[in-house]
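K.L.:
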Amino acid sequence: MAGTKQNGTGKLAANGQNGYKVIGTRPVRPDGVDKVTGRAVYAADVQMTGLLHGFVLRSPHAHANIRSIDTSKAEALPGVRAVVTAADLPVAEDKIEDLGEGAINLKYLSDNILAHEKALYHGHAVAAVAAVNPHIAQEAAELIEVDYEPLPPVMTVDDALADDAPILLDTLRTDSMGEIGTEKSNLASFFRHQRGDLDAGFADAHLVVDRTYRTETVHQGYIEPHAATALYSADGQIIIWTSTQGSFAVRGQVCEILQIPVSRLKVVPTEIGGGFGGKINVYVEPVAVLLSRKAGHEPVKVVMSRADVLAATGPTSGSNVRVKIGVDANGKISAALAELYYEAGAYPGSPVGAAANVSLAPYAIDNLQVDGYDIVVNRPRSAAYRAPGGTNVAFAVESVVDELAEKLGMDPAEFRVLNGAKENDRRPDGLQYARIGQIETVEAIRDSEHYQSSLEGKYRGRGIASGYWNNWGGQSSATAVLNPDGTVNLNEASTDIGGTRASIAMQLAEAMDIEYEQVKARVVDTDTVSYNDVTGGSRTTFATGLAAYNLGQQLVKEMKDRLADQWDVGAGDVSYEDGVFSAGGESLPFVEAAGLVQREEPLMASSTVHPQDFGPGFSTQCVDVEVDPETGKITILRYTIAQDVGKAIHPSYVEGQMQGGVAQGIGWAINEEYIYDDEGHLLNASLLDYRMPTALDLPMIETILVEVPHPAHPYGVRGVGEVNIVPPAGAIANAVYNATGVRMDKLPISPANLLEAMWAREAEPAELVPGDD
Amino acid sequence: MAKVWIPPLMRSLTDGQQIVEAEGESVRELVAALEERFPGVAERIIDEGRIRPGWTVAVDGAVQNRGLRAAVGPDSEVHFVPAMTGGRTGGRSALPQ
């Protein structure tokens, strides 16, 4: 095997690997002290003189025309400084623009901030108030009179595609790769990947499994609610302090919504308490700006409640997925079909495109078809969530793969090795893979002590599953200032969610052959560096790390050139090794050189990158579960994840990403779901009723880092943040089957859903339950 | 000549062919060459002078930041695929061209 494996937390060498001095070590993150002492400033912590407080009034209906809004009583309440509605927003064009976070129809973007003529989900913002304190703001909001005409809600894919379905968006027509439909529709777009001869592949199959699965809407569940403070100064300059995955994405969206030039808006990112894709779209930022302007240029802070976050920010899509796979007598896949129906929420833009690529990516398949449908429903506009769309479809594919392996009498790991994708195979959209590590992750699980151990006991079962994520490159900018004492200030604009200040600083330190502690990394605002894409797509350590590597190369080269001038030698005669510059009889340690080379002119470097060649990630996971046959409760007994991580820059943070993705995947698999009543009201908008896993629900998640370096990065980095959430639902479903004999066709595998399925199975003719002794 | 993988929803324009050979040193030239042989192809791929929003082009396995201006070699393999970014993904999103 080409890659190296390191099993378990804390088992890497202390001083890096493969000749690296900094990469592969586990230094303390620069933001650690502030966070553990409570000094870190999050968005809701922002305070300033004259600060007003905003409150957003939200629709009580899932689908309703807005006939009128009367704000007069709210405006008259003492302490109220401003009231805004959609009438305060500029008229948005019905036009698609690229805003860095992806293409978006500007009218839809604006409508989601404050509803214009229609409320499209329970919790849709319709008006907002700024007042001298939050209580008056809330009281005033409750005085706003909105005349609604309720309409029938459209809550699911099936509702939306019914012949007589109410239409959510009057101007929406189905886009089939540029062929625009003529009829009004809730189907926003349709696309297809197809290669080979599907019919022939299925005709040749020895065995075919064809199943349909349902998954529910789930939320990212970041702990810090959205919050933003805006100051619209009298001179027209605007500052927003906010918790975001991308300060430039906020700038782009707010400027587009409010139709102001980017030069008038500075976005200052605060520390962030989780995002997972959910803090890319703006919600309260434009509202705070409008309120600040209308309130006489006073600063306004808007903080979402937990209920607001769950009801009105982007969760990820619920879906219906059909998967049909055929295999020959030897277990080789002969054909595969996947049909993906994804709920986009109120406006187009579900992650079905990414899901299509995830779907069958771990497997080498000659005859393949994947159809994707993006469908609007009366739920909040969907947002990215860690490997967007991947978990839904992998649950379906990995369940079918497990069933095929069982019916063939094959070990499920060996089935995945036999059919595993490798270099030069094609992913679902037809692109060829470069060097990838899918098979290595399966082998790592197959050979693990966990998989090789026996699992005893009734109602206990083991399952495995694989997953893929595309990753991303994106644009990054950074600057580095060399200080005379030999430290380096690293300024970058990638929001640090999972320790990226450390992982980026480590790459700069490695490139300059200096200590990690000599690099002072900070995340800066939109006026300080050039454009920078969001922290998302597992791109930050890869792309911003590449920018940091370039900075290091530039600084060392310039130091060599200046020392050559000082020492009166040729530019190419100065060498730099083990932190010491030397030429002829001269030599100087880095720290002293840093002062010498700046006596006449300061030294800094800048780098911008937009890498195209980003390596995808794969993960295979193994889980043991125990099912309580009386309650349907699933206990996770043991969990092991193997992931192709490229080169682990900071192994602890890589392991943390892997464990975090699995933890979220477990919640998605066994508990989390949006629950609506028949009128489209969200019934569980609190963390008591929207059940995310806690530390008490999870075992220690064991990690196996499979290092297959990415050939297009100087240190072999691949994104590691997302693929880990793709396999858990499939792995757990397969384990539940082995524990109970029930193959679940929907998520979550909650106690109620599992009991119902177990009772239905008991009503069927008797058959040996795999978990029975 | 470069091999262009025709998206399935456009194969009605290429007589059902999955892969078509075409000549050109850039994606823009390839599309022009395709348009000559298969009228209607360009309109489906290009919108307001750029790759249609929500889609992107990949040459030899790598998604191209330069879009229509991306270079194409004589043996290149070219795909038009749904774009995926770090945030929103899917049929309505696009990489900056």
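Just so you know, the sequences run in chain order A and B. Using my numbering, the first residue of the first sequence is number 137, and each one after it goes up by one. Using my numbering, the first residue of the second sequence is number 26, and each one after it goes up by one. For every residue, glycine included, the Cβ atom is placed at its ideal position computed from N, Cα and C.
1) Considering Cα atoms alone, identify which of A/Gly410, A/Val403, A/Asp444, A/Gly409 is closest to valine 425 of chain A.
2) What are the boundary residues of the beta strand (DSSP E) that glycine 462 of chain A is part of?
3) Using 10 angstroms around the beta-carbon of leucine 832 of chain A, count the other beta-carbons present and answer buried if the total reaches 16, otherwise exposed.
4) Strictly below 9 Å CB to CB, what residues from chain A border glutamate 68 of chain B?
5) For isoleucine 963 of chain A, collect the residues of the same chain with a Cβ closer than 6 Å to its Cβ; drop the 5 residues on either side in sequence, then sort them by chain order.
6) Any heavy atom of the ligand ADP closer than 6 Å to the beta-carbon of glycine 160 of chain A?
7) Ordered along the chain, which non-local residues of its own chain (more than five positions away) have a Cβ less than 8 Å from that of alanine 719 of chain A?
8) For a test of the three-state rule: what should DSSP assign to threonine 406 of chain A, helix, strand or coil?
9) Whole angstroms are fine: how far does the CA of aspartate 224 of chain A sit from the CA of proline 787 of chain A?
10) Considering only their Cβ atoms, is the gap separating valine 578 of chain A from threonine 756 of chain A smaller than 7 Å?
11) According to DSSP, which residues form a beta bridge with valine 438 of chain A?
12) Taking the C-alpha atoms as reference points, what is the distance between alanine 277 of chain A and glycine 796 of chain A?
13) Suppose the cutoff is 6 Å on Cβ atoms and the five residues either side in sequence are ignored; what does the same chain contact list for glutamate 722 of chain A look like?
14) Nearest chain B C-beta to serine 246 of chain A closer than 7 Å, yes or no?
15) Using 7 Å as the threshold, is the C-beta distance between glycine 609 of chain A and leucine 554 of chain A below it?
16) With distances taken between CB atoms, is the gap from glutamine 381 of chain A to glycine 681 of chain A smaller than 7 Å?
17) Listed in chain order, which residues of the segment 553 to 570 of chain A have Cβ atoms closer than 9 Å to some Cβ of chain B?
18) Starting from the beta carbon of tyrosine 678 of chain A, find every residue of chain B whose beta carbon is closer than 8 Å, and list them in chain order.
19) Could you pull out every residue in the same chain whose Cβ sits closer than 8 Å to the Cβ of glycine 409 of chain A, ignoring the five residues on either side in sequence?
20) Just the Cα atoms here: how many angstroms apart are threonine 353 of chain A and glycine 485 of chain A?
21) Quick test of the definition: if touching needs 3 or more C-beta pairs under 8 Å, does the segment 429 to 438 of chain A touch the segment 330 to 347 of chain A?
22) For arginine 203 of chain A, which residues of its own chain have a beta-carbon under 8 Å away from its beta-carbon, when the five flanking residues on both sides are left out?
23) Could you work out which residues of chain A lie near glutamine 43 of chain B, taking near to mean beta carbons separated by less than 7 Å?
24) Could you check whether the Cβ of proline 107 of chain B sits closer than 7 Å to any Cβ belonging to chain A?
25) Run through DSSP, which three-state label would methionine 880 of chain A get?
26) Return the Cβ separation of alanine 471 of chain A and asparagine 503 of chain A in integer angstroms, given the expectation that the two are a contact with Cβ distance under 8 Å.
27) Following the continuous alpha helix (DSSP H) through proline 270 of chain A, name the residue where it begins and the one where it ends.
28) Taking the alpha-carbon positions, what's the leucine 739 of chain A to methionine 695 of chain A distance?
29) Can you tell which of A/Leu591, A/Ile416, A/Val512 has its C-alpha closest to the C-alpha of alanine 519 of chain A?
30) Should the segment 797 to 816 of chain A be called in touch with the segment 870 to 890 of chain A, which here means at least 3 C-beta pairs below 8 Å?
31) Among B/Val103, B/Arg91, B/Pro107, B/Met109, which has the Cα closest to the Cα of glutamate 46 of chain B?
32) Out of A/Gly573, A/Ser743, A/Arg217, point me to the one whose CA is closest to valine 436 of chain A's CA.
33) Buried or exposed for glutamine 330 of chain A, please, with buried defined as at least 16 other CB atoms from any protein chain shown within 10 angstroms of its CB.
34) Report the neighbours of glycine 357 of chain A on chain B: residues whose CB is nearer than 8 Å to its CB, in chain order.
35) What residue ranges within the segment 293 to 371 of chain A form continuous alpha helix (DSSP H) runs of no fewer than 4 residues, ordered along the chain?
36) Counting only Cβ pairs nearer than 7 Å, list the residues of chain B close to isoleucine 232 of chain A.
P.N.:
If we stick to the structure as given:
1) Stepping through the first sequence from its first residue, residue 425 of chain A is reached at position 289. Checked all of A/Gly410, A/Val403, A/Asp444, A/Gly409; the closest Cα to valine 425 of chain A is A/Val403.
2) If you number the first sequence from 1, residue 462 of chain A lands on position 326. Per DSSP, glycine 462 of chain A is one residue of the beta strand (DSSP E) stretching across 455 to 463.
3) Sequence index remark: in the first sequence, residue 832 of chain A carries index 696 (1-based). By the neighbour-count criterion, in which 16 or more other beta carbons inside 10 Å mark a residue as buried, leucine 832 of chain A falls on the exposed side.
4) Numbered from 1 along the second sequence, position 43 holds the residue referred to as residue 68 of chain B. The contacting residues are Gly314.
5) An answer regarding residue 963 of chain A cannot be provided, because it is not within the stretch 137 to 909 covered by chain A.
6) No copy of the ligand ADP occurs in the structure displayed, which carries no ligand at all.
7) For this step, residue 719 of chain A is matched to residue 583 along the first sequence. Cβ neighbours of alanine 719 of chain A within its own chain (closer than 8 Å, five residues either side excluded): Leu699, Ala700, Trp703, Val705, Asp709, Val710, Ser711.
8) One-based indexing of the first sequence puts residue 406 of chain A at position 270. DSSP places threonine 406 of chain A in coil when its eight states are reduced to three.
9) Mapped onto the first sequence, residue 787 of chain A falls at position 651. Mapped onto the first sequence, residue 224 of chain A falls at position 88. In a straight line, the C-alpha of proline 787 of chain A is about 49 Å away from that of aspartate 224 of chain A.
10) Walking along the first sequence from the start, residue 756 of chain A turns up at place 620. Walking along the first sequence from the start, residue 578 of chain A turns up at place 442. In this structure, threonine 756 of chain A lies near valine 578 of chain A, with their beta-carbon atoms less than 7 Å apart.
11) Here the question's residue 438 of chain A lines up with position 302 in the first sequence. DSSP, once it has assigned bridges, lists A/Gly190, A/Ala364 as partnering valine 438 of chain A.
12) Walking along the first sequence from the start, residue 277 of chain A turns up at place 141. Walking along the first sequence from the start, residue 796 of chain A turns up at place 660. The alpha-carbon of alanine 277 of chain A is positioned some 38 Å away from that of glycine 796 of chain A.
13) Walking along the first sequence from the start, residue 722 of chain A turns up at place 586. Cβ neighbours of glutamate 722 of chain A beyond the five flanking positions: Trp703.
14) Position 110 of the first sequence, counting from 1, holds the residue named residue 246 of chain A. Not an interface residue.
15) If you number the first sequence from 1, residue 609 of chain A lands on position 473. If you number the first sequence from 1, residue 554 of chain A lands on position 418. Contact annotation: glycine 609 of chain A and leucine 554 of chain A have beta-carbon atoms that are not nearer than 7 Å.
16) Taking the first residue of the first sequence as 1, we reach residue 381 of chain A at position 245. Taking the first residue of the first sequence as 1, we reach residue 681 of chain A at position 545. Cβ atoms of glutamine 381 of chain A and glycine 681 of chain A: not closer than 7 Å.
17) So the list reads Asp565, Gly566, Leu567, Gln568, Tyr569, Ala570, given in the order they occur along the chain.
18) Looking up residue 678 of chain A in the first sequence gives position 542. Note that residue 678 of chain A corresponds to phenylalanine in the displayed sequence, not to tyrosine. Under the 8 Å cutoff, chain B gives no residues; its nearest Cβ is about 11 Å from phenylalanine 678 of chain A.
19) Along the first sequence, one-based indexing puts residue 409 of chain A at 273. Excluding residues within five positions, the ones whose Cβ falls inside 8 Å are Tyr178, Tyr358, Ile359, Glu360, Ser379.
20) On the first sequence, position 217 is the one that residue 353 of chain A refers to. On the first sequence, position 349 is the one that residue 485 of chain A refers to. Counting only the Cα atoms, glycine 485 of chain A lies some 14 Å from threonine 353 of chain A.
21) Judged by Cβ distances under 8 Å, the segment 429 to 438 of chain A makes no contact with the segment 330 to 347 of chain A, as fewer than three pairs qualify.
22) What you label residue 203 of chain A is simply residue 67 of the first sequence in a count that begins at 1. Contacts found: Asp283, Tyr284, Glu285.
23) Counting from 1 along the second sequence, the entry for residue 43 of chain B is found at position 18. Identification of chain A residues near glutamine 43 of chain B by a Cβ-Cβ cut-off of 7 Å yields Arg331, ordered along the chain.
24) Stepping through the second sequence from its first residue, residue 107 of chain B is reached at position 82. Yes, because at least one Cβ of chain A sits closer than 7 Å to the Cβ of proline 107 of chain B.
25) The residue labelled residue 880 of chain A in the question sits at position 744 within the first sequence. In the structure shown, methionine 880 of chain A falls within a coil segment according to DSSP collapsed to helix, strand and coil.
26) Within the first sequence, the letter at position 335 stands for residue 471 of chain A. Within the first sequence, the letter at position 367 stands for residue 503 of chain A. About 4 Å separates the Cβ atoms of alanine 471 of chain A and asparagine 503 of chain A, confirming a contact at the 8 Å cut-off.
27) Taking the first sequence and counting its residues from 1, the one referred to as residue 270 of chain A is at position 134. Membership of proline 270 of chain A in the alpha helix (DSSP H) is indicated by the continuous run 270 to 277.
28) On the first sequence, position 603 is the one that residue 739 of chain A refers to. On the first sequence, position 559 is the one that residue 695 of chain A refers to. The alpha-carbon atoms of leucine 739 of chain A and methionine 695 of chain A are separated by roughly 8 Å.
29) The count along the first sequence starts at 1 and reaches residue 519 of chain A at position 383. For alanine 519 of chain A, the nearest C-alpha among the options comes from A/Ile416.
30) Cβ pair count under 8 Å is three or more, so yes.
31) Position 21 of the second sequence, counting from 1, holds the residue named residue 46 of chain B. Looking at the Cα atoms, B/Val103 is the closest of the given residues.
32) Translated into the one-based positions of the first sequence, residue 436 of chain A becomes position 300. Among A/Gly573, A/Ser743, A/Arg217, the Cα nearest to that of valine 436 of chain A belongs to A/Arg217.
33) Taking the first residue of the first sequence as 1, we reach residue 330 of chain A at position 194. Label assigned to glutamine 330 of chain A: buried.
34) The residue labelled residue 357 of chain A in the question sits at position 221 within the first sequence. Within chain B, no residue comes near glycine 357 of chain A; the closest Cβ sits about 18 Å away, beyond 8 Å.
35) As far as the segment 293 to 371 of chain A is concerned, its whole alpha helix (DSSP H) runs of at least 4 residues are 293 to 297, 334 to 339.
36) Taking the first sequence and counting its residues from 1, the one referred to as residue 232 of chain A is at position 96. Simply Pro78.
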